[in-house]
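Notes follow once the structure below has been shown.
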Amino acid sequence: MAERIRRFRLTVVAGALVMTAGRALDLRWHATHDEFETGIDQLQAHWLAWLGALILLATGAVGVRRRIYRSPGFAVLFVAASLYAAVAGWHFWLHQNLRDPDLPHVLLALSQLGLYGGSVMIGAGLVVPHCRERYLQGRERAAEA
1103 MAERIRRFRL
1113 TVVAGALVMT
1123 AGRALDLRWH
1133 ATHDEFETGI
1143 DQLQAHWLAW
1153 LGALILLATG
1163 AVGVRRRIYR
1173 SPGFAVLFVA
1183 ASLYAAVAGW
1193 HFWLHQNLRD
1203 PDLPHVLLAL
1213 SQLGLYGGSV
1223 MIGAGLVVPH
1233 CRERYLQGRE
1243 RAAEA
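Printed below as a string of structure tokens:
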């Protein structure tokens, strides 16, 4: 069971890494283009970030549903990913209709902070138990000396 939980937490970390790569792709696209002209332009710029958000949404939903994973990070992740999905759709629609989406850009940034925050909370579960175990072992050795 512990290995299954570890793999699930690693899936969250992978989703966050995919989303980060998607942000880099988006920045590179915007650096080489003036603005969106078609839906294909948006797809080229955002597909990888959307994939990362989808991975995080799915893992957040499973983590919230199954209490064995025991991290409040899953609730944060699920809410932030749900917000991201809704706002990304709105953002796509506004760009498609040649409108400037100021508010969606702010909401996308805030939801991404939530996605990264939830991912860090969950990913910390991969590291913290090992650090605590080493700390306790060090205390035992110091007490014996």
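To convert, count from 1 in the sequence shown and add 1102; that's our numbering.
Even glycine gets a Cβ: it sits at the ideal position worked out from N, Cα and C.
Residue i in three-state terms, based on DSSP
i	result
aspartate 1202	coil
serine 1221	helix
serine 1184	helix
serine 1173	coil
Range of the contiguous alpha helix (DSSP H) that encloses residue i
i	result
phenylalanine 1138	Taken as a continuous stretch (DSSP letters only), phenylalanine 1138 belongs to no alpha helix (DSSP H), as it is neither H nor E.
arginine 1168	Per DSSP, arginine 1168 belongs to no alpha helix (DSSP H) and is neither H nor E.
Nearest candidate by alpha-carbon position, reference residue i, set the options
i	options	result
valine 1115	Gly1227, Glu1242, Ala1245, Glu1246	Gly1227
alanine 1147	Ala1190, Ser1221, Gly1175, Val1222	Ala1190
tryptophan 1152	Phe1194, Arg1130, Gly1175	Phe1194
glycine 1314	Arg1108, His1197, Leu1185	With the chain covering 1103 to 1247 only, the question about residue 1314 has no answer from this structure.
valine 1120	His1207, Gln1144, Arg1130, Trp1149	Trp1149
arginine 1125	Gln1144, Met1223, Val1181	Gln1144
isoleucine 1157	Thr1134, Arg1130, Thr1122, Gly1141	Thr1122
isoleucine 1140	Gln1198, Asp1202, Ala1211, Pro1203	The amino acid at residue 1140 is misidentified as isoleucine; the sequence shows threonine. Answer by Cα proximity: Gln1198.
arginine 1169	Arg1243, Ser1221, Ile1107	Ile1107
arginine 1111	Val1208, His1135, Pro1203, Pro1174	Pro1174
leucine 1209	Val1222, Trp1192, Ser1221, Arg1201	Trp1192
alanine 1104	Arg1172, Val1181, Gln1214, Ala1245	Arg1172
phenylalanine 1138	Leu1200, Leu1159, Leu1205	Leu1200
alanine 1160	Thr1113, Asp1136, Arg1130	Thr1113
Expected contact under 8 angstroms - CB spacing of residue i and residue j to nearest Å
i	j	result
glycine 1154	glycine 1117	5 angstroms
alanine 1183	glycine 1162	5 angstroms
valine 1178	glycine 1219	6 angstroms
proline 1203	leucine 1212	Not really, about 14 angstroms apart at Cβ, beyond 8 angstroms.
Neighbour flag for residue i against chain B, beta carbons, 7 angstroms
i	result
histidine 1193	Looking at the structure shown, chain B is missing, and only one protein chain is on hand.
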